[in-house]
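Asker: Residue numbers (UniProt numbering): 1 to 176. Ideal Cβ placement from N, Cα and C applies to all residues, glycine included. One structure, pasted below without further comment.
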């Protein structure tokens, strides 16, 4: 396989992994599933045409959403000529786009966190669940585990720090 083929495959993988995210983002702006599908296809074509920019992109999902936003604007312009679209003003559309982009980034980070949690040792995962899902205090966990409160706090700190490092690694893998 030559370099051009591997770059094309990498691009297709990146775009394919983000189809749900892009569709959700676009749908939140056009509010019609058929229109969202049409804009998604235009977005995919534009992404393909601009694939040479990928090495200069630090966050592929944000870049793809930005392109989708411009495709939504182009769609609105075409549709307004046909008078088939509910007309939002551009400021409202921009605010909706920012909100949707933030939500899609949150969904992406949540997925990264979920993957990292799956890699934790059972004891660490149990400690996190007791602290954050069951809302047990440090003192309760200390008594239950026969360890000092400082020891429990330190363990939780190390687990959180490890999760953050894992999320950063996962993010680098996803955007590389």
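Taking a contact to mean a Cβ-Cβ separation below 8 Å, would you say residue 127 touches residue 163 in this structure?
Answerer: The answer is no: Cβ separation not under 8 Å.
Asker: Decide yes or no for the touch test of the stretch 12–31 against the stretch 59–79: beta carbon pairs closer than 8 Å, at least 3 of them.
Answerer: Yes, the stretch 12–31 touches the stretch 59–79.
Asker: Is the stretch 45–65 in contact with the stretch 13–21, if contact means three or more CB pairs nearer than 8 Å?
Answerer: As far as the Cβ criterion goes, the stretch 45–65 touches the stretch 13–21, which means the pair count is three or higher.
Asker: In chain order, what residues of the same chain have a beta carbon less than 7 Å from the beta carbon of residue 71, not counting five sequence neighbours either side?
Answerer: Cβ within range, chain order: 39, 42, 43, 46.
Asker: Kindly indicate which three-state DSSP category residue 50 falls into: helix, strand or coil?
Answerer: Reduced to three states, the DSSP call for residue 50 is coil.
Asker: Considering only the alpha carbon of each residue, which of 51, 146, 113 lies closest to residue 166?
Answerer: Cα-wise, what sits closest to residue 166 is 113.
Asker: Here's the rule: buried if 16 or more other CB atoms are within 10 angstroms of the residue's CB, otherwise exposed. What is residue 150?
Answerer: Exposed, since its Cβ has fewer than 16 Cβ neighbours within 10 Å.
Asker: Please report the straight-line C-alpha distance between residue 21 and residue 144, rounded to a whole angstrom.
Answerer: About 42 Å.
Asker: So, using beta-carbon positions, are residue 130 and residue 141 closer together than 8 Å?
Answerer: Yes. Within cutoff.
Asker: Please classify residue 190: does DSSP put it in a helix, a strand, or coil?
Answerer: There is no way to answer for residue 190, as the model of the chain reaches only from 1 to 176.
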